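A short worksheet on the structure shown next.
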């Protein structure tokens with residue numbers, strides 16, 4: 001019987017969640033992340049991507065590209081987790097076994113699709129997308145095919161807001177024109193090795209002999225990647241528990257023999273692991289560094305910090321402290337960085353968020369200029385959830401000069417009105433991020 005695996009991916013999930021729960025943001029360029037000097041983009045709406053902004057981009061760079069009507073808000077992972085649970089509760093009704101990759105994507109192999117026709121699979125996926133939109137307000141792209149690899153690539157091709165089912169028997173033709181990086185497991189190092197022998201597409205990789213694939217990419221890896229490039233993928237869809245660790249590693253073309261080069265490589269590797277940490281919506285407390293000697297001997301070192309964080313600079317600096325000097329340890333052929341001790345942040349003030357500056361003094365308009373006492377620095381920042389005794393649930397649209405402007409709206413209200421209050425108004429208090437979902 002034909003096997004059908006589906007891959008579901010929520011489009012621009014973090015930014016879409018903000019647009020859903022704060023309807024005034026719908027249709028506008030929205031960035032989720034930190035505004036501090038080391039802030040990064042955790043999520044970008046499709047409206048902002050049109051200006052060249054991407055997830056994991058430094059916020060300082062993204063801010064320069066953001067148009068005048070763009071908005072930057074801090075991440076609210078409690079909201080994203082709640083919405084993720086809503087979505088996958090819907091999916092679990094038709095696909096009991098879910099292999100969740102992150103808050104916004106998962107594989108499934110619905111029992112009802114075993115041996116199904118192309119038309120039946122297409123109808124199933126279209127119905128599921130419609131249910132997710134109707135019951136949660138979110139948009140999901142879905143890909144379907146004979147295995148996880150095909151389904152994943154199909155959902156990528158279907159974005160945004162699309163559906164693509166790859167007919168059984170056409171997998172090799174579907175994959176052939178795609179670049180080798182489209183395949184899970186092929187990173188920049190493997191891509192460079194394949195490019196060196198003239199292989200740039202999955203069709204060219206599939207056409208390699210197994211001997212050449214192994215010689216270029218290594219034993220098990222070469223065989224497996226070549227097989228996946230042909231469209232064959234029998235890996236099972238299995239339920240996953242909570243993510244315990246995120247990591248990245250690189251095998252070097254030539255052994256690293258000096259500490260300065262090793263530090264530079266580990267900083268680059270840490271960026272890859274950090275991107276996975278951000279995508280998982282987690283903070284980490286432990287940094288692990290793996291070093292493999294020329295003779296294949298492997299050393300692992302770790303350090304646990306006093307508090308969990310997602311700050312790339314802090315995590316990367318910890319990884320560098322754990323390094324051994326190749327002058328003493330010997331040549332290094334592989335290095336890896338892992339972040340563990342993962343948890344959901346208790347606070348949503350992530351990604352080096354900074355409170356906007358307020359003027360330190362205000363000059364009066366009296367005939368004799370007298371420096372008036374400056375208003376206390378605002379305790380509110382753009383994106384904070386608030387509740388007002390009279391007007392209900394809202395979020396801070398702007399703050400400063402002793403005032404705070406709040407937009408009162410939620411998922412169910414449509415665009416709401418904005419009102420301005422003194423920043424210490426006793427009727428205004430901090431709200432629970434989940435209030436916007438009620």
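In the UniProt record's numbering, the protein residues as written are 1 to 438. The beta-carbon is built from N, C-alpha and C at its ideal position, and this holds for glycine as well. Because the structure is a prediction, the values reported are computed rather than measured.
Just to confirm the assignment, what range does the alpha helix (DSSP H) spanning residue i have?
i	result
residue 214	210–217
residue 156	148–158
residue 102	Residue 102 -> not in any alpha helix (DSSP H); beta strand (DSSP E) instead, spanning 98–102.
residue 175	171–175
residue 1	Where residue 1 is concerned, there is no enclosing alpha helix (DSSP H), given that its DSSP letter is neither H nor E.
residue 61	59–65
Looking at residue j and residue i, is the spacing between their C-beta atoms short of 9 Å?
i	j	result
residue 60	residue 44	no
residue 118	residue 107	no
residue 439	residue 41	Given that the chain is displayed from residue 1 to residue 438, the structure contains no residue 439 and the question cannot be resolved.
residue 386	residue 396	yes
residue 166	residue 140	no
residue 277	residue 229	no
residue 156	residue 258	no
residue 103	residue 280	yes
residue 135	residue 105	no
residue 13	residue 29	no
residue 249	residue 337	yes
residue 138	residue 17	yes
residue 11	residue 233	no
residue 193	residue 253	yes
residue 251	residue 283	no
residue 116	residue 142	no
residue 449	residue 407	A question about residue 449 goes unanswered here, because the residues of the chain that appear run from 1 up to 438.
residue 288	residue 245	yes
What did DSSP end up calling residue i once you bin it into helix, strand or coil?
i	result
residue 359	Note on residue 359: pLDDT 33, under 50, position unreliable in the model; the coordinate value appears next. Here residue 359 sits in coil by DSSP.
residue 296	coil
residue 274	helix
residue 351	Bear in mind that the predicted position of residue 351 carries a pLDDT of just 43, short of 50, making it unreliable; the figure below should be weighed with that in mind. Coil at residue 351, not helix or strand.
residue 333	strand
residue 78	helix
residue 369	The predicted model places residue 369 with a pLDDT of 47, which falls under 50 and marks its position as unreliable; any figure quoted below should be read in that light. Residue 369: coil per DSSP, three-state reduction.
residue 200	coil
residue 269	helix
residue 44	strand
residue 231	coil
residue 120	helix
residue 94	coil
residue 145	strand
residue 364	Caution is warranted here: a pLDDT of 36 is assigned to residue 364, below 50, making its placement in the model unreliable, and the coordinate value is therefore given only provisionally. If DSSP states are grouped into helix, strand and coil, residue 364 belongs with coil.
residue 410	coil
residue 53	coil
residue 378	coil
residue 237	coil
residue 243	coil
residue 37	coil
residue 185	coil
residue 417	coil
residue 264	helix
residue 85	helix
residue 383	coil
residue 438	coil
Who does residue i pair with in a DSSP beta bridge?
i	result
residue 10	140
residue 256	332
residue 432	Paired residues: none, contrary to the question.
residue 388	392, 428
residue 422	403
residue 288	302, 338
residue 343	283
residue 249	336
residue 179	201
residue 24	DSSP output for residue 24 lists no bridge partner at all.
residue 398	405
residue 309	284
Find the nearest neighbour of residue i within the set the options, judged by alpha-carbon distance.
i	options	result
residue 316	328, 302, 329	302
residue 6	128, 138, 52	128
residue 19	47, 91, 35	47
residue 24	422, 414, 427, 438	414
residue 298	275, 334, 410	334
residue 390	403, 419, 398, 151	419
residue 273	377, 296, 227, 313	313
residue 154	132, 430, 130, 125	125
residue 177	185, 206, 70	206
residue 307	342, 320, 294	342
residue 3	149, 93, 39, 131	149
Let's see if you can read the secondary structure: which residues bound the beta strand (DSSP E) around residue i?
i	result
residue 318	Taken as a continuous stretch (DSSP letters only), residue 318 belongs to no beta strand (DSSP E), being part of the alpha helix (DSSP H) at 312–321.
residue 107	105–108
residue 31	30–33
residue 164	163–165
residue 72	71–73
Using a C-beta cutoff of 9 Å, does residue i count as contacting chain D?
i	result
residue 97	In the structure shown, chain D does not exist; there is a single protein chain.
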